[in-house]
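Protein chains in written order, with my numbering: chain A, 648 to 1028; chain B, 40 to 592; chain C, 125 to 531. Ideal Cβ placement from N, Cα and C applies to all residues, glycine included. Below is one structure, written out as structure tokens, with a few remarks after it.
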Amino acid sequence: MPAIELKNITKTFEEGKVLAVDDISLKINEGDYIFLLGPSGCGKTTTLRMIAGLEIPTQGRVFIDDKDIEGIPPEDRDMGFIFQQFEIFENMTIWQNVTFGLEMRGYPDNYIINKAEETLKLVGLLEYADNYPNIFGEPGLQKLGIARAIAAGAKILIMDEPLGSLDPKVSKVFRHEFRNLIKDLRLTAIQVTHNQEQAMAVADKIIVMRAGKILQMGTPYELYENPQSIFVANFLGETNFLQGFVLKLFEEEKMEVWIRLGGPRIICNNPNNKFKLDDNIIIGFRFEDVYIFPKDFNFDKSPHDWSHIQIFSAKLESSKFIGATKRFYLSLESGDKFISIKPGNFEENYQIGDELIIGIHRGDVHVFESPKDFLHEISLM
Amino acid sequence: MSKQEIILEPSELEKEAKLSLALRIDRFFSKPLYRKGLDAITIIFFVIIVIGPVIYIFFNIFLNIPSINEDIFNDELIGDLQWNIILKSLVNSFSIAGLAVSIDIILAFPISIILTRYNFKGKKLLDSLIDLPLAVPTGSLGISVLLFWGLFGITPGYNLVLFGHIIFTFPYIVRNMKIVLEKADTLYDDAARTLGAPGFTVFRTITLPLMKEGIIAGAILGFTRSLGETGATIILSGLIDTAPLVIVGFRRQLKLPSASFLAGIMIAISLILLFSVKFFTRKVGFPVKKVWPKIEKKLSNNYLRHLRNILAIIFLLLLIIIPSFYILSQISGPEISEQMFAEDNKWAFLYIAFMNSIQIAGLAVLINLIFGIPLAFIIVRRKWGRAIAILDTLLDVPIAIPSAALGFTIFLFWGPQGINLFYPGFFMILLVHITFTFPYMVRPIIGVLERSNKGVEEAARTLGASNLTVFRKITLPNIKQGIIAGGIMVFTRSIGETGATIVVMGGIRTIPVLIVDWVEASAIPSAIFASLIAIIFCAILIILLRTTRTGVV
Amino acid sequence: MVNIKLENISKSFNKQTALDNISLEIKDKEYFIILGPTGVGKTTLLKIIAGLIKPDSGFVFYDEKDMTKKSPGERNLGFMFENYALFPHMNIYDNIAYSARVHAHDPVKTHSVVEQILLMTLLTGRNEALPEEMSGGMKQRVALCRALLNLEQTKLLILDEPLKALDAGLRMSLRNELLQMAKSKLLELTVIHVTNEEEEAMFLADRIAIINHGKLIQIGTPYEIYYQPKTLFIANFMSEINYFEGICVKNEKVPWDIYKKSKYGDKFFAKIQKYSMPLPIDIGLNNIFASYTQKELYDEINHGDEVMLVIRANHMKLRLGNRINEKHNAIIGKIKRRKYMGMFYRFEVIININDQDKLLVATIPSTSKIHDTFVEGVEVTIYFPKELGIIFRHPGEDAIRDVLKLE
């Protein structure tokens, strides 16, 4: 039974002039940690606020545990809210911040004291209960935000870029603590971010949005390994794109694609036999899925099994060391360029200008329809 | 961090839940009905107090056209002499206002730059000194100016009035320039410098255009302030007349239709100026495209800059600060006590006037607080579109209109000629003060409200707080400083108000009016003493204002 | 040609030291990055280089000429501010053309140059737009164009966190554009770029200067900073790290041949570990660990000294089961958590040293195709090659807590 469901939600502003969310539907299961991911202006924050009740949908319905919650204000929806700017009550003590929500619900005093103590102990702030929030740095403030949100026993956590105000390094460490807390409390959590790395690091499922629509929803693995659109592929991880057309069709949903201007021929999957002969398509493959071998590499003598790899040749334009990874900039005879990423301590003796052998697994080649405006598709906005 | 599970509370708890009394009251009064009711009452208050009298005067003029015509244009004895007097006074008022504002703008530029971009010991003191004229009764300033420039042989007349107005309007212009200068990030100046612009070019092409709004707003505010100046002008004018003086004169002679007519003209002009500010600011532009590198580089010389600053400070002292405080040097103990404690018991009058001033100021603060806070909320938070913009502009009407004219409209509206609810006296004075200080309460509150963190309020609401609880526990502590600032401003302006009070006072005296009375009766030492009391009192309040550290309008 | 030299630059604000005796040199046509956490003085340093602020002491030389007291305008540089600082009362054209007008250049020539730049950065046809109407990416481009127009002879471009205000995705693509533009034959710029993102620094820089608490800690190529960080702080700043505390046992006889080269061999590590030796360390396990370290440090550290051994999360490796005998620098542990991150998997592995549990992190590329076997709860051997370890003298418990921000 899904905890949250949206049916055909649309939201417009300024009397219909601005279309923020365009007829989206989604289901979120109880206990999931969900991310709404997309560029600025894609409608993710508006969607979050509609789930929370801070905005009213222009059309469509929001259901929690199968109940239509139209008209129910945010505070009655059993949700906890965490904000990017923390929004801590600075004129109240830590303790008072945490008991605030409990007092608003009129719970008996000893229950309030119990719950507040429990919650503060959970986030590790009990010893500071009588201090004011100004003693905290950002991680402390956000921990307080969490405590305040869950003290009243909320089952759903609504978060708008909660780590956005944290120093990037601190946020990378803190987000795991954050996720652990959510999982330990068995909360359903929905978080908005524009940072795919963050989403990939901790999400159970990611919903990718753009221009008010949902492009794809799935686990990080599904989205990364099986992007359904050029935008999703490009947004979640650096991807090479090449243009080509369908040269041959094979059985078992496979086809051969000829890259333009005399480029290589590549065999890839043709899911549901969607593409036909001569169709223009775009193939995409991740930077890290590109294998590089020297020109004279002997595949038979190598200890690894390279039988599933298809190969073609390319020229090395340059390489760049970036710490954890190394980038190799390659080009085809047609002039098309692409990039390969290897671990940073990948050692090789390639010189600029070398002709190298490139290898890709058939399963690592993603195919997409050729769009009218390719530049718009690969734009990250 | 432990991994224990949190046991979700049993639903029996919901039944046990009982809100505290305060929260229940909050919840009750948070209902839309009460909110709308409060909005309605506030708007009605605003309309009656602020707008009503202004509209009524035009109504009154319209009704009295025949007698106006008779009195002013076609008097049996003097023909249109009245009209000539009126015309002449208008010319005086406008020319003095124009000159005073122009001179003030030139001086305010370097001074406002010094106050915002430099740091030095005594900056706060200088800031407060420049602000003081805003709170002190202008009668006191008038005496000071009279005595100071009298040393140079300048007697009451046009020039003396001009010198006085230069002082009174200066704070308004500097204030507004400071505000926009503080808002204009030095970041833009830095960017221009990295692009090769010397100091003068940066000022001309970057700083000046960004100050545009402040300069125009300050100029118009200063202009209308000068137009309406009454208290000191009475002391400094000698034989000439300015328009407010003529209104006061007509009022004393009970030539009510004539007073009405002149007041109406002044109000109409002031309102036109007020409403056209926004239009002006958009249209006026500064030439920023052409640059003359050689000349501008020379003008950016550091020595020139220091020279400019020194000259500015000298003129500031000569024209504004020393004349304002000269009165303090004229305190002569024996003379004062001789007059104050003579047979006519002046000290008793002073005591009564002081009590009146304080009571009126205090009540004005209270009433404006009650209605000002809701009005500030309406303007900042309600989404009524155009109506809010109109409200916002109308809010400034009481300070845009010349005070004597304002006083007269109140006299007409509430007195025997109108609704006939009040007679000239304490309560009419109170009404005047409520009306004219209302914007000074609302503006600072609008300022802090706009800057207040709506996110925190939203957070509180998500935790179950009703609107009134949010207001009490979250918003109010945050806007406390704005309220205090507003309160102090209302109080000090009320203490200093002269022009309108004269029109409606009947037999009651407040300190500023008492000062004017005594000067007119040539009891200068007593007037000085009364001024001293007022200045000290207001100085203490201004210091209090500084220590609450808010942005002042 | 422009070569910038800073000598002993110090600056304080209100008795608080912002910069402490900084000396460095930026070479002609270099893409030079100043890297450090927020608030450590990077922007102050930049403003001193640009002439917007005067230092309390020290000198700034441009091509051997003392420019310390000269105004920004005399330095002929382009400066791009963190939030762009576009003049709000001027449109795109006027913003970009500002410096040309200030120098009273021929308006006709200016016009054609501006049009060219607008074309290059895809902004044509938008001349009349005001800053308040523009998106973040647009503003960034306009700010860049405006700075470029001022470059003239020196060709020095200074950037203050130019990508910070942009979405994560945009940051990647604009990063590429920046580098291409700087290195293009047409422009051949010298760039000084301030950032707090280490990946950005590694991608763009020819050399990086690390600043912390107003002090210059290290200057080097990305390689040097990554493989030979001078302090624990720098090591931790550049990537997620694991660390072991132990005692140097270089006088003892070690049971395994720590000199035997692993498959990383001579080639790679000869480059950066040229004169280095493997240092044996007892971290409290049965097997002795070893890590290569530069000869100077090797000579300085005595038998019995406390040391810290740092190894980056992405240099850790995993094998199923107990393989300690086969691998050196290996420990047995259990996978506590596994997270798929797209390009790699992030493993949290619990190990036990001296009866205390410790958490190690390993990031393994997902191309290694290890999905189903390495799951939570499984016993693994976690190990790393000795060539990739980084040794420090033990900096003290407080320093460790401070750097790693353990609460």
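A distance below 7 Å separates the beta carbons of GLY503 (chain B) and MET751 (chain A). In terms of Cβ geometry, VAL481 (chain B) and LEU414 (chain B) form a close pair [threshold 7 Å].
Nothing from the stretch 395–424 of chain B brings a Cβ to less than 7 Å from some Cβ of chain A. Using a Cβ-Cβ cut-off of 9 Å, LEU701 (chain A) is close to GLU497, ARG500 and THR501 of chain B, given in chain order. Within its own chain, the residues whose Cβ lies closer than 6 Å to the Cβ of THR972 (chain A), once the five positions on either side in sequence are excluded, are ILE988 and GLY991, listed in chain order.
Under the three-state reduction of DSSP output, GLY521 (chain B) falls in the helix class.
Of the residues A:ALA798, A:ASN738 and A:LEU666, the one whose Cα lies closest to the Cα of TYR754 (chain A) is A:ALA798. Around the beta carbon of ASN113 (chain B), fewer than 16 other beta carbons lie within 10 angstroms, which makes this residue exposed. Of all residues in the stretch 208–234 of chain B, the ones placed with a Cβ closer than 8 Å to any Cβ belonging to chain C are ASP224, LEU226, TYR227, ASP229, ALA230, ALA231, ARG232, THR233 and LEU234, in chain order. Using a CB distance cut-off of 7 Å, VAL330 (chain B) counts as an interface residue toward chain C. As summarised for the stretch 778–829 of chain A, the continuous alpha helix (DSSP H) elements at least 4 residues long and confined to that stretch are 785–797, given in chain order. Straight-line measurement puts the Cα of ASP190 (chain C) at about 28 Å from the Cα of LEU310 (chain C). A residue is called buried once 16 or more other Cβ atoms fall within 10 Å of its Cβ, and SER308 (chain C), having fewer, is exposed.
Inclusion of PHE934 (chain A) and ILE1004 (chain A) in the CB contact set at 7 Å is not warranted, their separation being larger than that value.
Contact between the stretch 511–519 of chain B and the stretch 553–568 of chain B is not established, with fewer than three Cβ pairs separated by less than 8 Å.
In the three-state reduction of the DSSP assignment, ARG833 (chain A) falls in the coil class. Nearest Cα to ILE853 (chain A) within the set A:VAL665, A:LYS674 and A:GLU964: A:LYS674.
Within the same chain, and ignoring the five residues on either side of ASN132 (chain C) in sequence, the residues whose Cβ sits closer than 8 Å to its Cβ are ASN145, ILE146, SER147, SER181, GLY182 and PHE183. Scanning chain C for C-beta atoms nearer than 8 Å to the C-beta of HIS841 (chain A) yields ASP291, ALA292 and GLY293, reported in chain order. For LYS70 (chain B), no chain A residue has a C-beta closer than 9 Å to its own C-beta; the minimum C-beta separation is roughly 13 Å.
Counting only residues of its own chain and dropping the five nearest sequence neighbours on each side, MET697 (chain A) has a CB closer than 8 Å to the CB of LEU653, ILE656, LYS658, VAL668, ILE703, PRO704 and VAL709. Chain order gives no chain C residues near THR263 (chain B), where near means a beta carbon separation below 9 Å; the closest approach is about 27 Å.
PHE202 (chain B) and PHE364 (chain B) have their C-alpha atoms some 14 Å from each other. The residues ASP144, in chain order, have a CB closer than 7 Å to that of LYS339 (chain C) in the same chain once the five nearest residues on each side in sequence are set aside. Taking the Cα positions, ILE999 (chain A) is about 22 Å away from THR886 (chain A). In the three-state DSSP reduction, HIS427 (chain C) falls in the coil class, being neither helix nor strand. Residue contact with chain A for MET465 (chain C): present (Cβ-Cβ distance below 7 Å to some residue of chain A). Between VAL502 (chain C) and ILE459 (chain C), the CB-CB gap stays under 7 Å. One Cα belongs to PHE452 (chain B), the other to VAL93 (chain B), and the distance between them is close to 9 Å.
Note that the C-beta distance between SER265 (chain B) and THR320 (chain B) is not below 7 Å. Chain-ordered, the chain B residues with CB closer than 7 Å to the CB of PRO196 (chain C) read ARG232 and THR233. Rounded to the nearest whole angstrom, the C-alpha separation of ILE349 (chain B) and THR233 (chain B) is 28 Å.
Rounded to whole angstroms, the gap between the alpha carbons of MET847 (chain A) and TYR938 (chain A) is 24 Å. In this structure, ALA271 (chain B) places its C-beta atom within 7 Å of the C-beta atom of THR177 (chain B).
The contact set of LEU243 (chain C) on chain A, defined by CB atoms closer than 8 Å, is empty, because the minimum CB distance reaches about 16 Å.
Beta-bridge analysis with DSSP links GLN418 (chain C) to C:SER400.
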